[in-house]
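The structure appears below as structure tokens.
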Amino acid sequence: MRVEFEEFRDKLPELLGKLQYGDEHQVIITKMGVPVARVTDYYAEPFKRRTGRAKGKFIIPDNWDAKNDEIAETFGVK
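Using this note's numbering, you'd call the opening residue of the sequence shown number 1485 and step up by one each time.
Here's what the structure looks like:
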């Protein structure tokens, strides 16, 4: 995510929250469109995804893979 310095200053708590909760992994601060700094989350390397991020955000039904054979045939895999 890229933000101008003024926006970064005005939205600092919101942007830090996005880093903390994994919505973003880095914020690049720009001045007149030119990158001047990068703020990254503390625990992960930039762009490295953390496993378990979506835990509890959706439900997978028990029969989620019931049509695997049909899908494979459609794409000529089987």
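Every residue gets a Cβ at the ideal spot worked out from N, C-alpha and C, and that includes glycine.
Assigned with DSSP and collapsed to three states, K1539 falls in coil, not helix or strand.
In summary, V1511 is buried, with 16 or more beta-carbon neighbours lying within 10 Å of its beta-carbon over all protein chains present. The bridge partners DSSP lists for Q1510 are T1524.
In this chain, the beta strand (DSSP E) harbouring V1487 covers R1486 to E1488. It is roughly 11 Å from the alpha-carbon of K1502 to the alpha-carbon of V1523.
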